[in-house]
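Asks: Here this note's numbering = 1-based position in the sequence shown + 18. Beta carbons are placed, not taken as given, at the ideal position from N, Cα and C, and that holds for glycine. Got a structure for you, questions after.
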Amino acid sequence: FSPSSGSVGTLVTISGTDLGTPTAFTIGGTTAIVISNTGTSLVGMVMPGATTGTISLTTAGGTVAGGSNFTITAAQAPNTQQGNKLVGTGNTGAAYQGYSVAVSADGNTAIVGGNGDNTFQGAAWIYTRTGSTWSQQGGKLVGTGNTGAARQGQSVALSADGNTAIVGGYQDDTNVGAVWVYTRTGSTWSQQGNKLVGTGNTGAAWQGQSVSLSADGNLAIVGGSQDNNYQGAAWVYTRSAGIWSQQGNKLVGTGNSSAAYQGHSVSLSADGNTAIVGGYQDNFSQGAAWVYTRSGNTWSQQGNKLVGTGNNGTALQGASVALSADGNTAVVGGNSDNSNLGAVWVYTRTGSTWSQQGNKLVGTGNTGIANQGYSVSLSADGNTAIWGANFDNANQGAAWVFTRTGSTWSQKGNKIVGVGNTGVAVQGSSISLSADGKTALVGGFSDNFSQGAVWAYTFVLPTNADLSSLTTTAGTLSPAFSSGTLAYTAAVPNATTSITLTPTRAEGTATITVNTVAVASGDASASLPLVVGANTITS
Numbered sequence: 019f020s021p022s023s024g025s026v027g028t029l030v031t032i033s034g035t036d037l038g039t040p041t042a043f044t045i046g047g048t049t050a051i052v053i054s055n056t057g058t059s060l061v062g063m064v065m066p067g068a069t070t071g072t073i074s075l076t077t078a079g080g081t082v083a084g085g086s087n088f089t090i091t092a093a094q095a096p097n098t099q100q101g102n103k104l105v106g107t108g109n110t111g112a113a114y115q116g117y118s119v120a121v122s123a124d125g126n127t128a129i130v131g132g133n134g135d136n137t138f139q140g141a142a143w144i145y146t147r148t149g150s151t152w153s154q155q156g157g158k159l160v161g162t163g164n165t166g167a168a169r170q171g172q173s174v175a176l177s178a179d180g181n182t183a184i185v186g187g188y189q190d191d192t193n194v195g196a197v198w199v200y201t202r203t204g205s206t207w208s209q210q211g212n213k214l215v216g217t218g219n220t221g222a223a224w225q226g227q228s229v230s231l232s233a234d235g236n237l238a239i240v241g242g243s244q245d246n247n248y249q250g251a252a253w254v255y256t257r258s259a260g261i262w263s264q265q266g267n268k269l270v271g272t273g274n275s276s277a278a279y280q281g282h283s284v285s286l287s288a289d290g291n292t293a294i295v296g297g298y299q300d301n302f303s304q305g306a307a308w309v310y311t312r313s314g315n316t317w318s319q320q321g322n323k324l325v326g327t328g329n330n331g332t333a334l335q336g337a338s339v340a341l342s343a344d345g346n347t348a349v350v351g352g353n354s355d356n357s358n359l360g361a362v363w364v365y366t367r368t369g370s371t372w373s374q375q376g377n378k379l380v381g382t383g384n385t386g387i388a389n390q391g392y393s394v395s396l397s398a399d400g401n402t403a404i405w406g407a408n409f410d411n412a413n414q415g416a417a418w419v420f421t422r423t424g425s426t427w428s429q430k431g432n433k434i435v436g437v438g439n440t441g442v443a444v445q446g447s448s449i450s451l452s453a454d455g456k457t458a459l460v461g462g463f464s465d466n467f468s469q470g471a472v473w474a475y476t477f478v479l480p481t482n483a484d485l486s487s488l489t490t491t492a493g494t495l496s497p498a499f500s501s502g503t504l505a506y507t508a509a510v511p512n513a514t515t516s517i518t519l520t521p522t523r524a525e526g527t528a529t530i531t532v533n534t535v536a537v538a539s540g541d542a543s544a545s546l547p548l549v550v551g552a553n554t555i556t557s
C-alpha cells in the first residue's frame, strides 16, 4: 500500500489481485471508505478515529492485512500561499471565477466556478497540482442542455479522488435550477448524462445554489433555497453504473420560522450518510441548520434545527455549512453576526444528539466589517476549520484558520490574505480545505474587475515553529510564556550555576534544539552552564 503514513483524510492505494468487493476494510483499526476499486487497485480514505496500525481488507477470497503499519501523522494547517493566484483561460467577459471552489482530498485537484462567464451562462475550471505547481486541466467546463443563462459555477464540489465533479446552475430554466456532473478519465473531462433537475419543487426553486458530494462521488446533495416561496429544500441523488437517480423526496426541515431559505448551503459526510442543510434566513435572519441521516434509501431529520447561542443580532447562521468525514463535527457560518463582523459555530454529535462546542468563533485581526463565516470548510478529522470573510479590509477579503485540541478551538496564525490581487477581490467568497487539512483554496470572484481568481495555500514548516510551553528550572520567564514570543529573559539567583529548559512543540512535525543540541519535545535539555552576567541560550 502507498503511502505508508498520513493524516486522517489521506487516500491510500492498495494494489493486488482479486480485491473484489470488500466486505470489511479498516485502516488503523477504524472502518475506511472505499473511494474507487478496479479489482487490482483499491483507493481508500483514512477516517477519523484511526490510529497507527495495520490495514485490513476482507473480500470473498478472505482477509489480508498489510505487512507493515500505516502511521497516522498530525494534520498540518495551511499557512503559506502556493504560487500566484489562479485565473482560468478561455473566459468570456467578467467570469466571476472563484465564486465557488472545491478541492480533492489530497489537495491535488481543484475546481473553480465562475457563474458570470459568457453573460451568466457560467462555467467551471479544473486545476491540478504537480509538486507545488498548479496548472489548468483542459478547457473550461460548460454543461449542455441549459435553458437560458443558467449561471453554471454558482456551486461546485469534487469527489475525494477528484475524478467526479458537480456544478450547480441555479438560474437554469427561469430559476428552476439544475446541476451538471462531470467525470475524468486520464486528464479528459466529460459530462456524465443530462443535467439533473429534482422533482417535487414548488415554483422556481434555485436548484444548484449549493452542492456537495460524498467521498466516492456516488451521492450528491443539491440545495434550492427558493423552493416553495423561500422555505427552501434539498434534493439527493445517487449514481449507479454511471446513471444518476433522485433518492426519495426533497428534504425540508421541520421547525422553521418564516421563510428559512433551506438549501442555501449544504454539506455531506464522506460516506454520504449524514447531511447538513443551512437556512440562513430562518427566524427573520437569525438562521439555522438542519441535519439529516440516511438509513438505506431513507433520509430522516436528526433532532431539531441547530441554532447557535451567543449571536449578536441577525446572524444569518447557515450562510455556510461543512461536515467532517464521519459527520460528527459540523461548522456553521453566520456572516451577519454582530453587524457583519460575522462568526462561526461548531457542533459535535454524540450518538444522535448534537451539541454546540464552546462559544462562537471570531477571528482576530479583522479590518472593519469582515463578514466572517461567509464560507466555511473542514478537514476530514474535523480538527481544522477555515472560513472566509469577503468584506474584510474594505472588501479585499481574507480567511481565518482555527484548529481544535480536545474540545478547544484556537486561531492558527494571522488571517490569510492572498497577494497579487487586482483591485477589490472579495477573497473568502468561497473556500475549500483538503481532507488531509494541508491545502486550502480561497476564491475572490471580484478580482480584476470581476474576472475573478483563486489563491492556493499549503503547509510549510516554519523555520521558527511555535512552542506550546517553555519552562526553566530557575528564574521566571519574562515576558510570560506565549507561543508567538521569540525572546525571553530570566533573572536567576547568584548561586545558580546552571539551568535546564523544557520546551514543548506546538507544531507536530517540528524539531527542537537548545544551544544547537537536539531536545525531544517535552523533555528537559542538558544542563546549561551559566557565567556571571548575561547569558544567551538559543532554541
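With a threshold of 16 other CB atoms inside 10 Å of the CB of P497, please say whether the residue is buried or exposed.
Replies: Here residue 497 corresponds to residue number 479 of the sequence shown, with the count starting at 1. Exposed.
Asks: So, using beta-carbon positions, are D179 and N219 closer together than 8 Å?
Replies: By 1-based counting over the sequence shown, the position of residue 179 is 161. By 1-based counting over the sequence shown, the position of residue 219 is 201. Not closer than 8 Å, so no.
Asks: For F467, report the span of its alpha helix (DSSP H) as first-last.
Replies: Stepping through the sequence shown from its first residue, residue 467 is reached at position 449. Its alpha helix (DSSP H) spans residues D465 to S468.
Asks: Would you give the residue range spanned by the alpha helix (DSSP H) that N247 belongs to?
Replies: Stepping through the sequence shown from its first residue, residue 247 is reached at position 229. From DSSP, the alpha helix (DSSP H) with N247 extends over D245 to Y248.
Asks: Mark G441 as exposed unless 16 or more other C-beta atoms lie within 10 angstroms of its C-beta, in which case mark it buried.
Replies: As a working mapping, residue 441 is identified with position 423 in the sequence shown. Looking at its Cβ environment, which holds fewer than 16 other Cβ atoms inside 10 Å, G441 is exposed.
Asks: Do V194 and T184 count as a contact pair if the criterion is CB distance below 8 Å?
Replies: On the sequence shown, position 166 is the one that residue 184 refers to. On the sequence shown, position 176 is the one that residue 194 refers to. The residue you asked about is not Thr; residue 184 is Ile in the sequence shown. For I184 and V194, no; Cβs fall outside 8 Å.
Asks: If you run the structure through DSSP and keep just helix, strand and coil, what is N356?
Replies: The residue labelled residue 356 in the question sits at position 338 within the sequence shown. Three-state result, N356: helix.
Asks: Between the C-alpha atoms of V437 and A471, what's the straight-line distance to the nearest angstrom?
Replies: Walking along the sequence shown from the start, residue 437 turns up at place 419. Walking along the sequence shown from the start, residue 471 turns up at place 453. Their Cα atoms are separated by approximately 11 Å.
Asks: Hey, could you find the ends of the beta strand (DSSP E) T70 is sitting in?
Replies: Stepping through the sequence shown from its first residue, residue 70 is reached at position 52. Element bounds for T70: n/a, residue is neither H nor E.
Asks: On the three-state DSSP scale, how would you describe N55?
Replies: Here residue 55 is taken as the residue at index 37 of the sequence shown, counted from 1. Looking at N55 - three-state DSSP - the assignment turns out to be strand.
Asks: Could you tell me the alpha carbon to alpha carbon distance between S452 and G79, rounded to whole angstroms?
Replies: Position 434 of the sequence shown holds residue 452. Position 61 of the sequence shown holds residue 79. Distance between the alpha carbons of S452 and G79: 34 Å.
Asks: What residue from R169, S153 and Q155 has the CA that sits closest to G132's CA?
Replies: Here the question's residue 132 lines up with position 114 in the sequence shown. Here the closest residue by C-alpha is R169.
Asks: Start and end of the beta strand (DSSP E) containing F420?
Replies: What you label residue 420 is simply residue 402 of the sequence shown in a count that begins at 1. Looking at the DSSP string, the run of the beta strand (DSSP E) that includes F420 is A416 to T423.
Asks: By alpha-carbon positions, which one of P40, S150 and S468 ends up nearest to L75?
Replies: In the sequence shown, counting from the first residue as 1, residue 75 sits at position 57. The option with the nearest alpha carbon to L75 is P40.
Asks: For P521, which of N512, S557 and A492 has the nearest alpha-carbon?
Replies: Translated into the one-based positions of the sequence shown, residue 521 becomes position 503. Considering only alpha carbons, the answer is S557.
Asks: Give every residue of the same chain whose Cβ lies closer than 7 Å to the Cβ of T503, excluding the five residues on either side of it in the sequence, and list them in chain order.
Replies: For the purposes of this step, residue 503 is identified with residue 485 of the sequence shown, where counting begins at 1. Contacts found: P497.
Asks: Which whole runs of the beta strand (DSSP E) in the stretch 79-159 are 3 residues long or more, in chain order?
Replies: You should have 80-83, 115-121, 127-132, 141-148 and 151-154.
Asks: Please specify which runs of the beta strand (DSSP E), each continuous and at least 3 residues long, are wholly inside the stretch 472-525, giving them in chain order.
Replies: Whole beta strand (DSSP E) segments, 3+ residues: 485-490 and 519-523.
Asks: Closest by CA to L519, which one among A508, T98, V61 and S205?
Replies: As a first step, residue 519 must be located in the sequence shown, where it is residue number 501. The shortest Cα separation from L519 among A508, T98, V61 and S205 belongs to A508.
Asks: Using CA atoms only, rank isn't needed, just tell me which of G106, A293 and T327 is closest to S313.
Replies: Locating residue 313 in the sequence shown gives position 295, counting from the first residue. The shortest C-alpha separation from S313 is found at A293.
Asks: Do you know how far the Cα of T531 is from the Cα of R523?
Replies: Position 505 of the sequence shown, counted from the first residue, corresponds to residue 523. Position 513 of the sequence shown, counted from the first residue, corresponds to residue 531. Spanning the two alpha carbons is a distance of roughly 11 Å.
Asks: Say whether chain D places a C-beta atom closer than 8 Å to the C-beta of T201.
Replies: Absent from the structure: chain D. Only one protein chain is present.
Asks: For G461, write down the residues that DSSP places opposite it in a beta bridge.
Replies: As a first step, residue 461 is located in the sequence shown; it is residue number 443 there, counting from the start. Partner(s): S448 and V472.
Asks: Would you call the stretch 90-102 and the stretch 359-373 touching, i.e. three or more CB-CB distances under 8 Å?
Replies: No contact exists between the stretch 90-102 and the stretch 359-373.
Asks: Rounded to the nearest angstrom, what separates W405 and A333 at their Cα positions?
Replies: By 1-based counting over the sequence shown, the position of residue 405 is 387. By 1-based counting over the sequence shown, the position of residue 333 is 315. Cα to Cα, W405 sits roughly 15 Å from A333.
Asks: Return the chain-ordered ranges of every beta strand (DSSP E) run that is complete within the stretch 325-386 and spans a minimum of 3 residues.
Replies: Listed in chain order, they are 335-341, 347-352, 361-368 and 371-374.
Asks: Let me know the alpha helix (DSSP H) ranges lying completely inside the stretch 213-297, each 4 residues or longer, listed in chain order.
Replies: Listed in chain order, the complete alpha helix (DSSP H) runs (minimum 4 residues) inside the stretch 213-297 are 245-248.
Asks: Using a 10 Å radius around the Cβ and a threshold of 16 neighbouring Cβ atoms, would you call G383 buried or exposed?
Replies: Position 365 of the sequence shown, counting from 1, holds the residue named residue 383. G383 is exposed by the Cβ-count criterion.
Asks: Using the Cα positions of Q429 and G326, report the straight-line distance between them to the nearest angstrom.
Replies: The residue given as residue 429 occupies position 411 in the sequence shown. The residue given as residue 326 occupies position 308 in the sequence shown. Approximately 19 Å, taken between the alpha carbons.
Asks: Tell me which residue opens and which closes the beta strand (DSSP E) that F43 is part of.
Replies: Walking along the sequence shown from the start, residue 43 turns up at place 25. Start and end: A42 to I45.
Asks: Quick one: give me the first and last residue of the alpha helix (DSSP H) that T206 is part of.
Replies: Here the question's residue 206 lines up with position 188 in the sequence shown. Looking at the DSSP string, T206 is not in any alpha helix (DSSP H); the run it does join, the beta strand (DSSP E), is T206 to Q209.
Asks: Just mark N322 as buried or exposed, buried being the case when its beta carbon has 16 or more other beta carbons within 10 Å.
Replies: Counting from one through the sequence shown, the residue named residue 322 turns up at place 304. It is exposed - the Cβ of N322 has fewer than 16 other Cβ atoms within 10 Å.
Asks: Going by C-alpha distance, which of F477, L479, Y475 and I517 is nearest A492?
Replies: As a first step, residue 492 is located in the sequence shown; it is residue number 474 there, counting from the start. If we check each option's Cα against that of A492, I517 comes out closest.
Asks: Which residues bound the alpha helix (DSSP H) around S303?
Replies: Position 285 of the sequence shown, counting from 1, holds the residue named residue 303. Looking at the DSSP string, the run of the alpha helix (DSSP H) that includes S303 is D300 to S303.
Asks: How is the beta strand (DSSP E) around A175 delimited, first residue to last?
Replies: Along the sequence shown, read from residue 1 onward, the residue named residue 175 stands at position 157. Here the beta strand (DSSP E) through A175 covers Q170 to L176.
Asks: For S86 and V380, what's the separation of their Cα atoms in angstroms?
Replies: As a working mapping, residue 86 is identified with position 68 in the sequence shown. As a working mapping, residue 380 is identified with position 362 in the sequence shown. Taking the straight line from one Cα to the other gives about 43 Å.
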